[in-house]
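Novice: Numbering (this note's numbering), first residue to last: -3 to 432.
Attaching a single structure in structure tokens format; questions to follow.
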């Protein structure tokens, strides 16, 4: 029996509405699947290497503050740090962010040769998971900066044992303070929820991650200032800056050496400001270069060079409080500065201001005196300027002996004693008559 027309219209409308609802549900489901594929939960790996300075601590804190649980499964900090140069308040803020993070926070002390000591070791202990690579070391936490009772003891029952010493790969595993993680992928596999699948290959099965991994590190500018704030770089920049500024004192006008020296010195002041530098030690380093500058003006190393070298060594040894320079950095800084200031700078000044284009023929025939014993080489003073000299015909001269300049040989003066010299001097203009 045919339905009445109004009823047929109502039935058709109901069927159309059901069809549209079904299509809408399918589209919504597909859209949801598409969103899930575009924004899958991933693991964020953050590299934290070097001293805990304001730049690095700020990056770690920003990462923890901005974490989105819908897009991030866990945060893994890859650490290699031995000291902190930030106030305790900033470390406490970072500790609170680690403990209160909405996703698991894991630490991997790696790769090989990595170190996690001092405050970073205490932060590692606050993480949900800790892994260590062979060759890495963990511990030497020192005095705790965490308020008593606010946090669980670092590394549990082994806290006291790790306060003054570090443990390696196997001992850390045996004590239960870390799990084995030779490489980063193995550490990620141990993070809850991280998925992998095994692929059969010629050389055997290999594990490939399924869960996406995002890597984070300091941007170029932050990395630059983080590097400048390391002890070795700040120290060498200080020496280079002061050395080039002294060099610029003896050049005509402002040149590229002065600009580089000024920039290096400013960067060094930033690094020294971040690091625990001793003011009096920095003053000794500056005094060293003032002493070198005095003897550069004199032309030969004297008492001020000795004072400068002693000041440089003492200032370098005690430059940082609680942080020591490596022997390589110390040796390069002291030896390089000494060779440049004592050996290179005086020769450079004589070459720059006593070139043949300026002319030194006027010195031939001038008189002066010996500053030190010439047998045959030494230093002499001519018109209150000190020069390196050699005696004519190897006639020895004692300090204070009067002498005459008879020739110029590059940067050296050839001199003879004013009294008792050989009689067959080379002829130098003027009277060329001979006794008959």
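Here a beta-carbon is modelled for each residue, glycine too, at the ideal position from N, C-alpha and C.
Give the straight-line distance between the Cα atoms of residue 433 and residue 332, rounded to the nearest whole angstrom.
Specialist: Residue 433 lies beyond the residue range present for the chain, which begins at -3 and ends at 432; the question has no answer from this structure.
Novice: Can you tell me which of 176, 169, 115 and 178 puts its alpha carbon nearest to the alpha carbon of residue 78?
Specialist: In the chain shown, residue 78 corresponds to position 82, counting from 1. Ranking the options by Cα distance to residue 78, first place goes to 115.
Novice: Please list the terminal residues of the continuous beta strand (DSSP E) segment that includes residue 387.
Specialist: Working through the chain shown from its first residue, we reach residue 387 at position 391. Per DSSP, residue 387 belongs to the beta strand (DSSP E) from 381 to 387.
Novice: Identify the residues that DSSP records as bridge partners of residue 211: which are they?
Specialist: Position 215 of the chain shown holds residue 211. Answer is 41.
Novice: Could you compute how far the alpha carbon of residue 394 sits from the alpha carbon of residue 370?
Specialist: On the chain shown, residue 394 is found 398 positions in, with the first residue counted as 1. On the chain shown, residue 370 is found 374 positions in, with the first residue counted as 1. The straight-line gap from Cα to Cα measures roughly 7 Å.
Novice: Return the residue from the list 272, 232, 388 and 270 that minimises the CA-CA distance to residue 373.
Specialist: To locate residue 373, count along the chain shown from 1; it is residue 377. If we check each option's Cα against that of residue 373, 388 comes out closest.
Novice: Check whether the Cβ of residue 370 lies closer than 8 Å to any Cβ atom in chain C.
Specialist: Included in the structure is just one protein chain, with no chain C present.
Novice: Three or more C-beta pairs closer than 8 Å, one from the stretch 125 to 141 and one from the stretch 203 to 222: is that the case here?
Specialist: The stretch 125 to 141 is not in contact with the stretch 203 to 222.
Novice: Given a cut-off of 8 Å on the beta-carbon distance, is the pair residue 401 and residue 367 in contact?
Specialist: As a first step, residue 401 is located in the chain shown; it is residue number 405 there, counting from the start. As a first step, residue 367 is located in the chain shown; it is residue number 371 there, counting from the start. For residue 401 and residue 367, no; Cβs fall outside 8 Å.
Novice: Within 10 Å of its beta-carbon, does residue 227 have 16 or more other beta-carbons around it, so buried, or fewer, so exposed?
Specialist: Stepping through the chain shown from its first residue, residue 227 is reached at position 231. Residue 227 comes out buried.
Novice: Indicate the three-state DSSP secondary structure (helix, strand or coil) for residue 444 in the structure shown.
Specialist: In this structure the chain extends from -3 to 432, so residue 444 is not present and cannot be described.
Novice: Checking the sheet assignment: what are the DSSP bridge partners for residue 57?
Specialist: To locate residue 57, count along the chain shown from 1; it is residue 61. For residue 57, which the question treats as bridged, DSSP gives no partner whatsoever.
Novice: Rounded to a whole number of angstroms, what is the C-alpha to C-alpha distance between residue 375 and residue 81?
Specialist: Translated into positions along the chain shown, residue 375 becomes position 379. Translated into positions along the chain shown, residue 81 becomes position 85. Approximately 49 Å between the Cα atoms of the pair.
Novice: According to DSSP, what are the bridge partners of residue 80?
Specialist: Here the question's residue 80 lines up with position 84 in the chain shown. Note: residue 80 sits in a beta bridge opposite 48.
Novice: For residue 276, report the span of its alpha helix (DSSP H) as first-last.
Specialist: Mapped onto the chain shown, residue 276 falls at position 280. Residue 276 -> alpha helix (DSSP H) spans 275 to 294.
Novice: What is the DSSP secondary structure of residue 107, counted as helix, strand or coil?
Specialist: As a working note, residue 107 is residue 111 in the chain shown. In the structure shown, residue 107 sits in coil (DSSP, three-state: anything other than H, G, I, E or B).
Novice: For my contact list, residue 240 and residue 230 are in at a C-beta cut-off of 8 Å; report their separation, rounded to the angstrom.
Specialist: For the purposes of this step, residue 240 is identified with residue 244 of the chain shown, where counting begins at 1. For the purposes of this step, residue 230 is identified with residue 234 of the chain shown, where counting begins at 1. Their Cβ separation, rounded to whole angstroms, is 16 Å, which puts residue 240 and residue 230 out of contact at 8 Å.
Novice: I'd like the list of long-range same chain contacts for residue 470, defined as Cβ closer than 8 Å, with 5 residues on each side in sequence excluded.
Specialist: Residue 470 lies beyond the stretch modelled for the chain, which goes from -3 to 432, so this question has no answer here.
Novice: Under the rule that 16 or more other beta-carbon atoms within 10 Å means buried, what is residue 68, buried or exposed?
Specialist: Taking the chain shown and counting its residues from 1, one reaches residue 68 at position 72. Per the 10 Å Cβ criterion, buried.
Novice: Might you give, ordered along the chain, the residues of its own chain that have their beta carbon closer than 6 Å to the beta carbon of residue 383, omitting 5 neighbours on each side?
Specialist: Within the chain shown, residue 383 is the residue found at index 387, counting from 1. For residue 383, where only same-chain residues beyond five positions count, the Cβ hits under 6 Å are 376 and 409.
Novice: In whole angstroms, what separates the C-alpha of residue 414 from that of residue 299?
Specialist: On the chain shown, residue 414 is found 418 positions in, with the first residue counted as 1. On the chain shown, residue 299 is found 303 positions in, with the first residue counted as 1. When rounded, the distance between both Cα atoms is 28 Å.
Novice: Residue 197: buried (16+ other C-beta within 10 angstroms of its C-beta) or exposed?
Specialist: The residue given as residue 197 occupies position 201 in the chain shown. Residue 197 comes out exposed.
Novice: Taking its Cβ as the centre, do 16 or more other Cβ atoms sit within 10 Å of residue 194, making it buried, or is it exposed?
Specialist: Mapped onto the chain shown, residue 194 falls at position 198. That one is exposed.
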